[in-house]
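Enquirer:
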Amino acid sequence: WSIEDRQQQGPTMQADRRVYSIAVSRDGLWVVSGDYGNKAIVWNALTNEAVRHTRYRHSVYAVDISSDCTRVVAASYDDADNVRLSGTASGTELLPPISHRYVVGVKFSPDSSRFATASYYDGVRVYGTYDGKVFQGTITSVNISDSSSSEWPIHAGSIVSNGRFIACSAGSSVSLWDCMSQKQIGSLITHSTVVGCIALSPSGGYLACGVGNNITVHDLRDVLSSKYFVRGVSELRHCAT
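FYI, full-length UniProt numbering numbers position 206 of the sequence shown as 206, with every residue one higher than the one before it.
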């Protein structure tokens, strides 16, 4: 869909069953989806055609694409060998399958050197993208200017970031937080029902929220200071639903 005129761009990408998760590459060339049909599908975003798919034993609840657009991570709601990292274009598995039971969310770090999985029962784990090793200990936010640090609370919901601020959904609202100060910024974004998922555009200027059967796009440039947006990054002219 075009953000500007709200018109659908090209034909609908049709998966076999209900789609649970979706991600768009920063260069706008790739879309990856996870569905109830136990598949993670990579699509050509220019032609809207399926390029390849990977089959899992259970529904694929979570997918993401690295910031350099070369890697895809996908996870199914299973108890073993359910997290896989592969090349976006080639489909080559870059790590052996990882076990983290009943994963409902995955996310690459901004520099793609790490990725995290969130389990419905077993918390969050962070892995090295290149070796698959699990980072141990608590996740903290560090203020470089005074070497102070603090722990971030983890709760049910979705979290996205452009490296400067974090958007966190909980229930029917989305809050925005400064990565350095750990303080809330801007006003609370509220909806009429529970927010199922959220996503940020590459610069951080637009926030998309999946609410019920609809997608609502918020222009964050109206509510946040310009320092929170990444300059020199062009916004994609379309998003996938």
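Each residue gets a CB set at the ideal place from its N, CA and C atoms; glycine is no exception.
Keep in mind it's a predicted model, so treat the numbers as computed, not measured.
Quick check on L95: does DSSP put it in helix, strand or coil?
Expert: coil
Enquirer: Return the bridge partner residues of T129 from the DSSP annotation.
Expert: According to DSSP, which records beta bridges pairwise, T129 is partnered with nothing at all.
Enquirer: According to DSSP, is L188 helix, strand or coil?
Expert: strand
Enquirer: Taking 8 angstroms as the cut-off, does the CB of G196 come closer than this to any heavy atom belonging to the ligand COA?
Expert: Among the ligands in the structure shown, none appear at all, so the ligand COA cannot be discussed.
Enquirer: Is K227 helix, strand or coil when you go by DSSP?
Expert: K227 falls in the helix class under three-state DSSP.
Enquirer: Output the distance between the C-alpha atoms of S99 and V42, rounded to the nearest integer angstrom.
Expert: 22 angstroms
Enquirer: Going by CA-CA distance only, name the one from F115, R6, A45 and I3 that's closest to Q14.
Expert: When C-alpha distances from Q14 are compared across F115, R6, A45 and I3, the shortest belongs to A45.
Enquirer: In whole angstroms, what separates the C-alpha of S169 from that of S33?
Expert: 21 angstroms
Enquirer: Buried or exposed: where does S20 fall if 16 or more other Cβ atoms within 10 Å of its Cβ makes it buried?
Expert: The identity of residue 20 in the sequence shown is Tyr, whereas the question assumes Ser. Y20 is buried by the Cβ-count criterion.
Enquirer: Report the option in W1, T54, S109 and V51 whose CA atom is closest to the CA atom of T129.
Expert: S109
Enquirer: Using 9 angstroms as the limit for Cβ to Cβ distance, is N82 near chain B?
Expert: The displayed structure is made up of one protein chain only, and chain B is not part of it.
Enquirer: Less than 9 angstroms separating the beta-carbons of A118 and I65?
Expert: no
Enquirer: Does the stretch 49-63 come close enough to the stretch 72-83 to have 3 or more Cβ pairs within less than 8 angstroms?
Expert: yes
Enquirer: To which residues of the same chain is V126 closer than 6 angstroms at the C-beta, ignoring the five residues directly before and after it?
Expert: Only R114, A116 and F135 meet the Cβ criterion.
Enquirer: Where does D178 sit, in a helix, a strand or coil, going by DSSP?
Expert: strand
Enquirer: Given V31, which residues of its chain have a CB within under 6 angstroms of its CB, disregarding the five upstream and five downstream residues?
Expert: V24, W43, A45 and A240
Enquirer: Check the C-beta distance from V217 over to T193 and give it rounded, since I have them as a contact under 8 angstroms.
Expert: Contact doesn't hold; Cβ gap of about 17 angstroms is too wide.
Enquirer: Is it buried or exposed, S187, if we count other Cβ atoms within 10 angstroms and call 16 or more buried?
Expert: exposed
Enquirer: Buried or exposed: where does Y121 fall if 16 or more other Cβ atoms within 10 Å of its Cβ makes it buried?
Expert: exposed
Enquirer: Three-state secondary structure (DSSP) at D222?
Expert: helix
Enquirer: Relative to the C-alpha of V72, which candidate in R52, R57 and A80 has its C-alpha closest?
Expert: R52
Enquirer: Could you give the distance in angstroms between the alpha-carbon of S203 and the alpha-carbon of S226?
Expert: 10 angstroms
Enquirer: List the DSSP bridge partners of K39.
Expert: In DSSP, K39 forms a bridge with R55.
Enquirer: In the DSSP output, which residue or residues are listed as bridge partners for N214?
Expert: V211
Enquirer: Please confirm whether I3 and Y228 have their CB atoms less than 9 angstroms apart.
Expert: no
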